[in-house]
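So that you can map any letter, position 207 of the sequence shown is 212 in the numbering used here, and since no number is skipped, the others follow by simple counting. Beta carbons are placed, not taken as given, at the ideal position from N, Cα and C, and that holds for glycine. Since we're looking at a predicted model, the values are computed, not measured. The block underneath contains the structure these notes are about, expressed in structure tokens.
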Amino acid sequence: MKILIPTAKEMNTDLSSIEATPLRPESQAVLDALALYSASQLESFYKVSAEKAAEEFQNIQDLKRQTAQHYPALNLFDGLMYRHIKRDKLTEVEQAYLENHVFITSALYGVVAALSPMAPHRLDFLMKLKVAGKTLKSHWKAAYDEALKKEEVIFSLLSSEFETVFSKEIREKMVTFKFMEDRGGQLKIHSTISKKARGAFLTALIENQVQTVEEACQLSFAGFAYREDLSQPQELVFVKEV
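Below, the structure written as structure tokens:
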């Protein structure tokens, strides 16, 4: 059983660095494609300020020269979902669960264990980077499928941009999750609720060592509880009353 989570734009490098591992061929090809851009070209590619583009240019050059600092991916990313994941003071059992079951989907690194070394970078599947004439999604599809082909149960906390990298055969094995707030009988869903809830849900999975859909349905966390009446076999809905 694997749990998939996306990367985040926000990063925290105020951490102890760890040893890098060699880039896989698919990752090296993506890096080579990124390295063709000048700092000013990255400004329009990323749709960011000149200052941010210069920072990203430096990150790419550091990776190319193999001088980049690397950090455990789960700690490096620091978006809203990540800030709601239990990342510190894990018990041995929780640590083992995290290492065995939680995987991050990256447009640069592929599908990797949550604590794998990653260097600061900015890339997602909405970006129009061509790698040897292919889109990022086409470039990664075979490797993404390979990472999950033996899995019977896949919990996806991904957005559709990441899910659609996988083939239909793999996506059909995925269980997805929807997190909503009930405000006086009105069910609301928005990205802030979803991101916070994904992090809290992953924490509950880790703390409760969840291995099956049935066990996931029993969870209550951060005010959320499973709603069978709103759920489907492969889309579980959790609602928080506010």
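Taking 9 Å as the cut-off, decide whether the C-beta atoms of residue i and residue j are in contact.
i      : j      : result
THR12  : ASP129 : yes
ILE8   : LEU153 : no
GLN223 : TYR102 : no
LEU235 : VAL247 : no
VAL180 : ALA221 : yes
ALA75  : ILE23  : Here the sequence assigns His to residue 75, which means Ala is not the residue at that position. Their beta carbons are under 9 Å apart, which means HIS75 touches ILE23 by this criterion.
LEU134 : SER32  : no
GLU99  : GLU212 : yes
LEU210 : PHE160 : yes
ASP93  : GLU15  : no
VAL242 : ARG232 : yes
ALA40  : ILE65  : yes
ALA55  : ALA44  : yes
HIS171 : LYS146 : The sequence given here has Phe at residue 171, not His. For PHE171 and LYS146, yes; Cβs fall inside 9 Å.
ALA73  : ALA25  : yes
ALA205 : ALA227 : yes
LEU36  : LYS69  : yes
GLN237 : VAL158 : no
Using three-state DSSP, classify residue i as helix, strand or coil.
i      : result
LYS52  : coil
PHE171 : coil
ALA181 : For clarity, residue 181 is Thr in the given sequence; the question names Ala instead. Residue state, collapsed to three classes: strand.
ILE23  : strand
HIS89  : coil
LYS237 : According to the sequence as given, residue 237 is Gln; it is not Lys. Strand, per DSSP.
VAL218 : helix
SER225 : strand
SER45  : helix
ALA209 : helix
ILE8   : strand
THR197 : helix
ARG188 : strand
ALA249 : As shown, the chain starts at 6 and ends at 247. That puts residue 249 outside it, with no answer to give.
LYS245 : strand
ALA73  : coil
ALA230 : strand
Looking at residue i and the ligand GTP, is the gap between the Cβ and the nearest heavy atom below 8 Å?
i      : result
ALA101 : For the ligand GTP, the structure offers nothing, since it holds no ligand at all.
Taking residue i and residue j to be in contact with their CB atoms under 8 Å, please state how far apart those CB atoms are, rounded to whole angstroms.
i      : j      : result
LYS183 : GLU240 : 6 Å
GLU156 : MET6   : 7 Å
LEU120 : LEU79  : 6 Å
GLU166 : ARG176 : Wrong, their Cβ atoms sit about 13 Å apart, outside the cutoff.
For the segment 60 to 70 against the segment 80 to 92, do three or more pairs of beta-carbon atoms, one drawn from each stretch, fall closer than 8 Å, so that the two count as touching? no
Where are the alpha helix (DSSP H) runs, 4 residues long or more, that stay fully inside the segment 125 to 167, in chain order? 141 to 153
Under 8 Å: do the segment 195 to 209 and the segment 135 to 149 share three or more Cβ pairs, one atom per stretch? no
Using 8 Å as the Cβ pair cut-off and three pairs as the minimum, do the segment 117 to 124 and the segment 41 to 60 touch? no
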